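Line by line, the protein sequences give chains A and B. Numbering-wise (the numbering used here), the first sequence opens with residue 160 and increments by one. Numbering-wise (the numbering used here), the second sequence opens with residue 160 and increments by one.
2 protein chains.
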Amino acid sequence: MVDILHRVGAKATAPEKVYEALTTVEGLAGWWTEDTNGKGEVAGGVLEFRFPPVGGFDMEVLELRPAERVVWKVVDGPAEWVGTTVHWDLRQDGDFTIVLFKHQGWKEPVEFMHHCSTKWASYLLSLKSLVETGEGAPAPRDVQISDWH
Amino acid sequence: MVDILHRVGAKATAPEKVYEALTTVEGLAGWWTEDTNGKGEVAGGVLEFRFPPVGGFDMEVLELRPAERVVWKVVDGPAEWVGTTVHWDLRQDGDFTIVLFKHQGWKEPVEFMHHCSTKWASYLLSLKSLVETGEGAPAPRDVQISDWH
């Protein structure tokens, strides 16, 4: 089992604001994909993220701790993703809100996992930008990192 | 043991050009850190990457296969890095040069590893930009991702 790990820090913002960007459809649509639907503010809720025309992911909310922690489980999407979990841990450190990210439970370090690792980094910088400036870079306006988008 | 994995694709370029950016001091200074010295074009050579004022890394070149593969071993730097290896695999895929990256041999998934994973992604996008446009974002002009720079 191998994991994707990342860490970013958003300046002059609060964990509450990042938590909102991770749990509301409006927040998620502001940094990950504009085509976001569902319910992210309650445990057991399901969020539907789509990236036309290539598909997307359905995430069940496993755990919520306001301004501290969000955990999702992938219940539908690419075979490599189904059953994996996505963990967000937030804390205040001086003037920064620190975001620790883990996408856990990949069975094999396939090439698609390499791609998703880099892509997650670029979306985390989009999240940072959203909470710092009000403007993220969600799909379809996301940063293209390769032939796989 | 845990690894950092990434994948980017540089458009309208050739593996030879990426290989040059990974093996020459001028190339490396164009995307990673302007303060690069040493010898990257021969196996056994040592490259010295510095990020004033916080230190840096010395890498010994373990393996070179022109336009295909570069492997470095960290021989000096932060304790978490020493002994780890950095692998670059290149190939042509249509109009793209695909770069598969692996930073292998971390003992523990510490918070610093999360940071380095995101930071590597941003430097890989700097490498992509350098070979595509002639302009990267090496330190000290690199993208700040957090309080840890």
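Beta carbons are placed, not taken as given, at the ideal position from N, Cα and C, and that holds for glycine. Treat the numbers as computed from the prediction; the structure is a model and nothing was measured.
Along the beta strand (DSSP E) that carries residue i, what are the first and last residues, could you check?
{"i": "A:Leu-173", "result": "Note that residue 173 of chain A corresponds to Ala in the displayed sequence, not to Leu. Unbroken run through A:Ala-173: none, as it is neither H nor E."}
{"i": "A:Gly-186", "result": "Careful: A:Gly-186 lies outside any beta strand (DSSP E), inside the alpha helix (DSSP H) at 184–187."}
{"i": "A:Gly-197", "result": "194–197"}
{"i": "B:Trp-231", "result": "228–235"}
{"i": "B:Gly-207", "result": "According to the sequence provided, residue 207 of chain B is Glu. The question's Gly does not apply to it. First-last of the beta strand (DSSP E) with B:Glu-207: 205–209."}
Using DSSP's beta-bridge definition, name the partner residues of residue i.
{"i": "A:Ile-257", "result": "A:Gly-168 and A:Arg-250"}
{"i": "A:Ile-163", "result": "A:His-262"}
{"i": "A:Ala-298", "result": "A:Thr-192"}
{"i": "A:Thr-244", "result": "A:Lys-232 and A:Gln-263"}
So residue i and residue j are in contact, right, with Cβ under 8 Å, and what is the actual spacing, rounded?
{"i": "B:Leu-284", "j": "A:Ile-304", "result": "7 Å"}
{"i": "B:Leu-249", "j": "B:Val-258", "result": "6 Å"}
{"i": "A:Gly-199", "j": "A:Gly-295", "result": "With a Cβ gap of about 16 Å, A:Gly-199 and A:Gly-295 do not count as contacting."}
{"i": "B:Thr-243", "j": "B:Ala-173", "result": "The pair is not a contact, with the Cβ atoms about 29 Å apart (cut-off 8 Å)."}
{"i": "A:Asp-217", "j": "A:Val-205", "result": "6 Å"}
{"i": "A:Glu-222", "j": "A:Val-234", "result": "Incorrect: roughly 15 Å between the Cβ atoms, too far for contact."}
{"i": "B:Ala-226", "j": "B:Glu-267", "result": "Contact flag wrong, Cβ pair sits at about 35 Å."}
{"i": "B:Asp-306", "j": "A:Asp-306", "result": "The pair is not a contact, with the Cβ atoms about 34 Å apart (cut-off 8 Å)."}
{"i": "A:Arg-228", "j": "A:Trp-247", "result": "7 Å"}
Mark residue i as exposed unless 16 or more other C-beta atoms lie within 10 angstroms of its C-beta, in which case mark it buried.
{"i": "A:Asp-254", "result": "exposed"}
{"i": "B:Val-230", "result": "buried"}
{"i": "B:Gly-203", "result": "exposed"}
{"i": "A:Ala-180", "result": "buried"}
{"i": "B:Val-269", "result": "exposed"}
{"i": "B:Val-201", "result": "exposed"}
{"i": "B:Ala-311", "result": "The structure shown has nothing for residue 311 of chain B, since chain B only spans 160 to 308."}
{"i": "A:Ala-238", "result": "exposed"}
{"i": "A:Asp-301", "result": "buried"}
The alpha helix (DSSP H) with residue i in it runs from where to where?
{"i": "B:Phe-216", "result": "Run containing B:Phe-216: none in the alpha helix (DSSP H); it sits in the beta strand (DSSP E), 215–224."}
{"i": "B:Val-290", "result": "270–292"}
Any chance the CB of residue i is under 8 Å from a heavy atom of the ligand SAM?
{"i": "A:Ser-276", "result": "The ligand SAM is not among the ligands present in this structure, which contains no ligands whatsoever."}
| Counting pairs of beta carbons, one from the region 169–179 of chain B and one from the region 211–230 of chain A, are three or more of them closer than 8 Å? | Output reads no: the region 211–230 of chain A does not touch the region 169–179 of chain B.
| query | On the three-pair Cβ rule with 8 Å, is the region 267–276 of chain B touching the region 183–191 of chain B? | reply | Two segments are said to touch when three or more pairs of C-beta atoms, one from each, lie closer than 8 Å; by this definition the region 267–276 of chain B does not touch the region 183–191 of chain B.
| the region 284–293 of chain B contacting the region 261–270 of chain B, beta-carbon criterion three pairs below 8 Å | Not touching, per the Cβ criterion.
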